[in-house]
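A.B. asks: Attaching a single structure in structure tokens format; questions to follow.
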Amino acid sequence: MREVTRGRVLDGIGTLARLGLAAVWLVSGLIKALDPAQTYVAVRAYDVLPREAVSVVAGVLPWFELALGLLLLVGIGTRAVAALSAALLLVFIAGVTQAWARGLSIDCGCFGGGGAVEPGQTQYVQEILRDVGFLLLAAWLIVRPRTLLAAERRLVTAGSGSGSGSGGY
Amino acid sequence: MGGADRNERKRKQAAAQARLKAAGITPKRSGPSGNTLVLAIVAVVVIVAIVVGVVVTLTNRSSEAAGPAPNYPVARAGAVITAGQAAAPVTVDIYEDYLCPYCERLETAYKDQLTTALNAGQIKVNYHAISILDRASSPAGYSTRAANAAICAADAGIFPAYHAQLYAEQPAEGSAGFSNDELTSFGTTLGAGGGFGQCVAAQANTGLIETATNTAAANPALQTNGSFGTPTVAIGGQKIDVNDSDWLQNAIAG
Numbered sequence: 003m004r005e006v007t008r009g010r011v012l013d014g015i016g017t018l019a020r021l022g023l024a025a026v027w028l029v030s031g032l033i034k035a036l037d038p039a040q041t042y043v044a045v046r047a048y049d050v051l052p053r054e055a056v057s058v059v060a061g062v063l064p065w066f067e068l069a070l071g072l073l074l075l076v077g078i079g080t081r082a083v084a085a086l087s088a089a090l091l092l093v094f095i096a097g098v099t100q101a102w103a104r105g106l107s108i109d110c111g112c113f114g115g116g117g118a119v120e121p122g123q124t125q126y127v128q129e130i131l132r133d134v135g136f137l138l139l140a141a142w143l144i145v146r147p148r149t150l151l152a153a154e155r156r157l158v159t160a161g162s163g164s165g166s167g168s169g170g171y
Numbered sequence: 374m375g376g377a378d379r380n381e382r383k384r385k386q387a388a389a390q391a392r393l394k395a396a397g398i399t400p401k402r403s404g405p406s407g408n409t410l411v412l413a414i415v416a417v418v419v420i421v422a423i424v425v426g427v428v429v430t431l432t433n434r435s436s437e438a439a440g441p442a443p444n445y446p447v448a449r450a451g452a453v454i455t456a457g458q459a460a461a462p463v464t465v466d467i468y469e470d471y472l473c474p475y476c477e478r479l480e481t482a483y484k485d486q487l488t489t490a491l492n493a494g495q496i497k498v499n500y501h502a503i504s505i506l507d508r509a510s511s512p513a514g515y516s517t518r519a520a521n522a523a524i525c526a527a528d529a530g531i532f533p534a535y536h537a538q539l540y541a542e543q544p545a546e547g548s549a550g551f552s553n554d555e556l557t558s559f560g561t562t563l564g565a566g567g568g569f570g571q572c573v574a575a576q577a578n579t580g581l582i583e584t585a586t587n588t589a590a591a592n593p594a595l596q597t598n599g600s601f602g603t604p605t606v607a608i609g610g611q612k613i614d615v616n617d618s619d620w621l622q623n624a625i626a627g
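Keeping their order, the protein sequence lines are chains A and B.
Take 3 as the starting number for the first sequence in my numbering and just add one per residue.
Take 374 as the starting number for the second sequence in my numbering and just add one per residue.
See below:
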């Protein structure tokens with residue numbers, strides 16, 4: 003009985019992590035998709051990629067984030083999508099860290115904005131800590147992807163057809 | 374290997390399975406399962422998103438290589454460079470800083486539309502080179518040096534191509550920007566005569582550019598919420614919103 007209760011609490015925490023991470027991607031992806039020029043300037047400001055690659059990354063990134071957000075919201079492939087999310091967050095953290103280390107003064111452009119800022123107006127510590135927080139949500143879902151209200155539960159039951167009741171996805 | 378050992382191992386495996394199951398992780402099974410279906414859906418959604426992004430990017434870039442060739446007169450009065458027929462019915466004023474990344478976006482997005490309309494005599498464009506980002510290069514002052522070089526390019530008869538090149542190769546904010554020698558060699562390559570290098574090096578237009586910058590920044594018709602920035606586009610002297618991607622067509626349509 004106590005095991006069951008503990009499982010439900012963990013399911014609840016996982017659900018919050020899944021929906022929280024979904025909200026992060028949906029909001030940041032939408033803001034970026036609605037302002038392509040801003041997104042281009044933000045990506046360019048990291049000063050890592052050649053201009054051609056900047057336009058491709060700036061074009062694809064918003065839609066990739068929206069895809070991750072949508073899959074997490076619906077709850078399909080939570081573990082795989084959490085792994086993709088973690089990989090993307092690590093790329094973001096690396097980008098901000100290299101900008102910081104090279105002495106650039108830019109805004110991360112994480113949720114809109116972006117581009118050069120006055121020296122002294124940078125917020126690298128806050129930006130990295132925020133990404134680490136999101137990374138923890140992803141890490142939880144990689145370790146324990148079981149959540150409530152996830153569409154994949156039905157898909158797996160239908161897809162496996164064996165009725166073995168594995169409960170896993 | 375006694376039976377007790379085997380039982381112990383089985384028990385441990387079962388416990389491990391139970392832990393994974395509680396965590397919501399499916400142990401690998403042979404054959405297609407719900408897991409495969411789920412991963413296939415994830416792959417499809419992610420691939421669709423990437424394709425959408427690439428298509429949007431390619432559409433926005435339109436015809437980078439094969440744009441229309443500029444075929445319009447260019448005149449200069451002080452720091453203002455006017456492209457197009459003097460009698461054109463619509464006057465577009467573009468306030469830009471050669472270091473400003475959003476100005477580069479504006480140029481890249483509308484260069485072809487502007488050239489077509491200029492060639493057709495539908496509009497004339499007053500280019501105002503503004504130097505509000507002088508402090509954003511290191512050493513400071515690239516905005517003014519580039520603006521000066523663009524004025525020299527107008528006098529040398531190569532302004533449209535020179536203007537395009539300053540944006541096509543726009544240096545990053547925080548960088549040194551192009552040296553006067555580099556600014557000169559761009560112009561020489563585009564066919565500027567011998568006086569061009571001297572004009573770029575002498576920076577004789579610095580005062581004009583500073584005055585134009587201060588005048589533009591103080592003009593309420595060019596401000597949003599009391600502040601002036603680049604790029605600013607005005608039609609008939611009034612600032613318009615270039616986030617509306619039809620701004621130029623609307624202006625031509627009147």
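Every residue gets a Cβ at the ideal spot worked out from N, C-alpha and C, and that includes glycine.
Mapping DSSP to helix, strand and coil, what is N616 (chain B)?
C.D. replies: coil
A.B. asks: Decide if the segment 406-413 of chain B is in contact with the segment 77-93 of chain A; the criterion is three or more beta carbon pairs, one per stretch, under 8 Å apart.
C.D. replies: yes
A.B. asks: Would you call the segment 472-479 of chain B in contact with the segment 541-549 of chain B, where contact means no fewer than 3 C-beta pairs closer than 8 Å?
C.D. replies: Counting Cβ pairs under 8 Å, three or more are found: they touch.
A.B. asks: Hey, is T17 (chain A)'s beta-carbon within less than 8 Å of any beta-carbon in chain B?
C.D. replies: With 8 Å as the cut-off, T17 (chain A) does not count as an interface residue toward chain B.
A.B. asks: Measuring CA to CA, which of B:P512, B:P443, B:G627 and B:A389 is closest to N351 (chain B)?
C.D. replies: An answer regarding residue 351 (chain B) cannot be provided, because it is not within the stretch 374 to 627 covered by chain B.
A.B. asks: Alpha carbon to alpha carbon, how far is V127 (chain A) from Q390 (chain B)? Give it in angstroms, no decimals.
C.D. replies: 41 Å
A.B. asks: For chain B, check one thing: does any of its Cβ atoms lie closer than 8 Å to the Cβ of R81 (chain A)?
C.D. replies: yes
A.B. asks: Please name the residue, chosen from B:F559, B:I454, B:Y468 and B:F532, that lies closest to I505 (chain B) on a Cα-to-Cα basis.
C.D. replies: B:Y468
A.B. asks: Does DSSP classify Y500 (chain B) as helix, strand or coil?
C.D. replies: In the structure shown, Y500 (chain B) sits in a strand (DSSP, three-state: E or B).
A.B. asks: Please tell me whether V50 (chain A) and G97 (chain A) are closer than 8 Å, where the distance is taken between their beta carbons.
C.D. replies: yes
A.B. asks: Looking at chain B, is there any beta carbon in it that lies within less than 8 Å of the beta carbon of A39 (chain A)?
C.D. replies: yes
A.B. asks: Give a yes or no on whether the C-beta atoms belonging to V463 (chain B) and H501 (chain B) are separated by under 8 Å.
C.D. replies: With contacts defined by Cβ atoms closer than 8 Å, V463 (chain B) and H501 (chain B) do not form a contacting pair.
A.B. asks: Assuming F113 (chain A) and I33 (chain A) form a contact by the criterion Cβ under 8 Å, report the distance between their Cβ atoms to the nearest whole angstrom.
C.D. replies: 6 Å
A.B. asks: Which residues, in chain order, does the segment 554-567 of chain B contribute to contact with chain A at a C-beta distance below 7 Å?
C.D. replies: none
A.B. asks: Below 8 Å CB to CB, which residues in the same chain sit around A85 (chain A) once its five sequence neighbours on both sides are set aside?
C.D. replies: Once the five neighbours on either side are set aside, the close Cβ partners of A85 (chain A) are A140 and I144.
A.B. asks: Please determine if the segment 566-575 of chain B and the segment 478-492 of chain B are in contact, where contact requires at least 3 C-beta pairs separated by less than 8 Å.
C.D. replies: no
A.B. asks: When you compare the CB of G22 (chain A) with every CB in chain B, is at least one pair closer than 8 Å?
C.D. replies: no
A.B. asks: To the nearest angstrom, how far is it from the Cα of Q386 (chain B) to the Cα of D378 (chain B)?
C.D. replies: Q386 (chain B) and D378 (chain B): Cα-Cα distance of roughly 12 Å.
A.B. asks: Would you please verify whether the beta carbon of I467 (chain B) is less than 8 Å from any beta carbon of chain A?
C.D. replies: no
A.B. asks: A626 (chain B) to G105 (chain A), Cα distance in whole Å?
C.D. replies: Taking the straight line from one Cα to the other gives about 48 Å.
A.B. asks: Give the range of the beta strand (DSSP E) segment to which T455 (chain B) is assigned.
C.D. replies: V453 to A456
A.B. asks: Mind listing, in chain order, the continuous alpha helix (DSSP H) runs of no fewer than 4 residues lying wholly within the segment 22-72 of chain A?
C.D. replies: 38-47
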